[in-house]
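What follows is a set of notes on a single structure, which appears directly below.
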Amino acid sequence: MSALLWELFTTFVPISLVTVGGGQTTLAEIQRQVVDLHHWMTQAQFLNAFAITRMAPGPGSLLVTLIGWQVAGFWGAAVASLAMFAPTAILLFLIAYLWRRQRGANWQLALEGGLRPVAAGMMAAAVYVLIRALEGGWAAQAITLASTGAVMFTRVNALLLVVAGGAALILCQTLGLA
Amino acid sequence: MQPTAWDLFRIFSRIGLTSFGGGLSGWLMREFVQDRRWMSEEEFLNGLAISQALPGVNVTNMSIWIGFHLVGPRGAAAGLAGIFLPPAVLVVLISVAFALLSGYPLVHVWLAGAAAAAIGLSLSMAITAVRRVRRRVLPWTLMVLVFVMVAFLRLSLVWVVAVVAPISVALEYLRLRREGRSA
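As you go down the protein sequences, you meet chains A and B in turn. Each residue of the first sequence is one higher than the last, beginning at 23 in the numbering used here. Each residue of the second sequence is one higher than the last, beginning at 6 in the numbering used here.
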């Protein structure tokens, strides 16, 4: 059991340190580690966990908490969460402690501007990996596109969208469209 | 009125449990700068810039920054605990609920549809992120490079970022210095 916990820890600490530009950017790597390399979950289980975290409030990286829970129960969830949140928390705490300077300092701007293309590439890769994992055929893909459109052009509530997506797929399947 | 660590835990718990989608910075600013007046806008934006520049989820970074600023180390811990613990417990409970319902095939279909919609959300975020990249050869090349290496070549994201990010930041720093000099 403790070997498993250690594996969870060592898997997520490096990922924590490269989570630039939001909690979703490292999804591609989390998927690769959890499904392809460690076989802790199947693709379908991974997607389910992803859907559940999108239905719940809170920081995006809670996916890791769920993965830890499924792999090793309470302690798995605790260790995975610690690995994911502690390193960057410590880093930020140190910076907050050492650097009470004005914003607009060159190092901040350089970090922000320099990381933007990297984060965008990561985000695009995350979405690519997720779309490839999607089940439900063309109906699911249509739901994805409709959802993207809804977010970009309306002010629809995110939770509502996810719940409606589930209902829409059920509808498609009952109508024999999927 | 000086906040206590417990106050911060309560406030961030509330925010953590009600934060869907985005727009969190706006929430936080309203709460701490405008309504309670515990911070100045300057201090807040300072923290926002740093929290976005450093690795980590923005909302957790902000909870640490604000907590630290208002109450010191205990405040930082309280803020982080507030934003993380209640939502973590909730998400695990939801997952257990779904596991109990896993005998019903309709639940699986529903989850697949929910995942599809959630991916649509992520796609819109990815589009926004790509749009914000400066329309120059260098940033775009780096972005495409990262995408290809991670999505197609399936290289380790950690190594890709560890190599490309410092290069990108260094180049950006040099660019800013150059522009500063010519200004």
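Idealized CB from N, CA, C, for every residue including glycine.
Own chain, CB closer than 7 Å to residue i, minus 5 neighbours either side, in chain order
i        : result
B/Val151 : Val165 and Val169
A/Ile74  : Leu88
A/Gly136 : none
A/Ala190 : Ile165
B/Phe49  : Met34, Phe37 and Val38
B/Ala81  : Ile69, Gly72 and Phe73
B/Leu147 : Val169 and Ser173
A/Phe31  : Val101 and Ala105
Whether residue i touches residue j by CB criterion (7 Å)
i        : j        : result
A/Val151 : A/Gln53  : yes
A/Ser209 : B/Ala83  : Because chain A is modelled from 23 through 200, residue 209 of chain A falls outside the range shown and cannot be assessed.
A/Ala142 : B/Val138 : yes
B/Val94  : A/Leu84  : no
A/Gly45  : A/Gly90  : no
A/Ala147 : B/Val155 : yes
B/Leu158 : A/Val149 : no
A/Thr110 : B/Pro171 : no
A/Gly159 : B/Gly118 : no
B/Trp43  : B/Pro8   : yes
B/Phe108 : B/Leu13  : In the sequence as presented, Phe is not what sits at residue 108 of chain B; that position holds Gly. No, the pair does not count as a contact, with Cβ atoms beyond the cut-off.
A/Val140 : B/Ser24  : no
A/Ala23  : B/Ala134 : This sequence places Met at residue 23 of chain A; Ala is not what is there. No, these two residues do not count as a Cβ contact at 7 Å.
B/Ala120 : A/Phe96  : no
A/Val86  : A/Ala102 : yes
A/Ala172 : A/Leu199 : no
B/Ile99  : A/Ala78  : yes
A/Ile192 : B/Val114 : yes
A/Phe34  : A/Ala94  : no
B/Leu181 : A/Asn179 : no
B/Ala167 : A/Glu134 : no
A/Val185 : A/Arg76  : no
B/Val112 : B/Leu105 : no
Close beta carbons around residue i, own chain, < 8 Å, minus the five adjacent residues each side
i        : result
B/Leu116 : Phe103
B/Leu179 : none
A/Ile153 : Gln163 and Thr166
A/Leu182 : none
A/Leu69  : Leu152, Ala155, Leu156 and Glu157
B/Leu22  : Pro91, Pro92 and Leu95
A/Glu29  : His60
Close Cβ partners of residue i (< 6 Å) along its chain, the five nearest in sequence each way excluded
i       : result
B/Ser68 : Phe17, Gly84, Leu85 and Ile88
A/Ile37 : Thr48 and Glu51
B/Gly52 : Trp70
A/Thr41 : Thr48
Stretch pair the region 71–79 of chain B + the region 53–64 of chain A: three plus CB contacts closer than 8 Å:
Result no; under three Cβ-Cβ pairs closer than 8 Å.
In the region 155–169 of chain B, which residues sit with their C-beta less than 8 Å from some C-beta in chain A, listed in chain order?
Close to chain A, meaning a Cβ-Cβ distance shorter than 8 Å, are the following residues of the region 155–169 of chain B: Val155, Ala156, Arg159, Ser161, Leu162, Val163, Val166, Ala167 and Val169.
How do the region 52–72 of chain B and the region 28–40 of chain B stand: do at least 3 beta-carbon pairs fall below 8 Å, yes or no?
Touching, yes, given that three or more Cβ pairs across the two stretches are closer than 8 Å.
Of all the residues that make up the region 72–92 of chain B, which are near chain A by a beta-carbon distance shorter than 8 Å?
Per Cβ criterion, the list reads Phe73, His74, Pro78, Ala81, Leu85, Ile88, Phe89, Pro91 and Pro92.
For the region 45–56 of chain A, which residues have a CB atom closer than 7 Å to at least one CB atom of chain B, in sequence order?
Hits within the stretch, in order: Gly45, Gln46, Thr48, Ala50, Glu51 and Arg54.
Residues in the region 29–43 of chain A with C-beta within 9 Å of chain B's C-beta atoms, listed in sequence order?
Of all residues in the region 29–43 of chain A, the ones placed with a Cβ closer than 9 Å to any Cβ belonging to chain B are Pro36, Ile37, Ser38, Leu39, Val40, Thr41, Val42 and Gly43, in chain order.
Closer than 9 Å, Cβ to Cβ, to anything on chain A: give me those residues from the region 130–150 of chain B, in chain order.
Under the 9 Å Cβ criterion, the region 130–150 of chain B contributes Met130, Ala131, Ile132, Thr133, Ala134, Val135, Arg136, Arg137, Val138, Arg139, Leu143, Pro144, Trp145, Thr146, Leu147, Met148, Val149 and Leu150.
Using a Cβ-Cβ cut-off of less than 7 Å, give me the residues of the region 96–130 of chain B that come near chain A, in sequence order.
Residues Val96, Val97, Ile99, Ser100, Phe103, Leu111, Val114, Trp115, Leu116, Ala117, Gly118, Ala119, Ala120, Ala121, Ala122, Ala123, Ile124, Gly125, Leu126, Ser127, Leu128, Ser129 and Met130.
To be precise: take each residue of the region 69–82 of chain A, compare its Cβ to all Cβ atoms of chain B, and keep it if any distance is under 9 Å. Which residues remain?
The residues in question are Leu69, Asn70, Ala71, Phe72, Ala73, Ile74, Thr75, Arg76, Met77, Ala78, Pro79, Gly80, Pro81 and Gly82.
Could you list the residues in the region 169–180 of chain A with a C-beta less than 9 Å from some C-beta on chain B, going in chain order?
Per Cβ criterion, the list reads Ser169, Thr170, Gly171, Ala172, Val173, Met174, Asn179 and Ala180.
Using a Cβ-Cβ cutoff of 7 Å, what residues of the region 10–38 of chain B are near chain A? List them in chain order.
Those residues of the region 10–38 of chain B that come within reach of chain A (Cβ to Cβ, closer than 7 Å) are Gly21, Leu22, Thr23, Ser24, Phe25 and Gly26.
According to a CB-to-CB cut-off of less than 9 Å, which residues of the region 156–170 of chain A neighbour chain B?
Listed by position along the chain: Leu156, Glu157, Gly158, Ala161, Ala162, Gln163, Ala164, Ile165, Thr166, Leu167, Ala168, Ser169 and Thr170.
Which of the residues in the region 88–100 of chain A, read from start to end, lie with their CB under 7 Å from any CB of chain B?
Result list: Leu88, Trp91 and Ala99.
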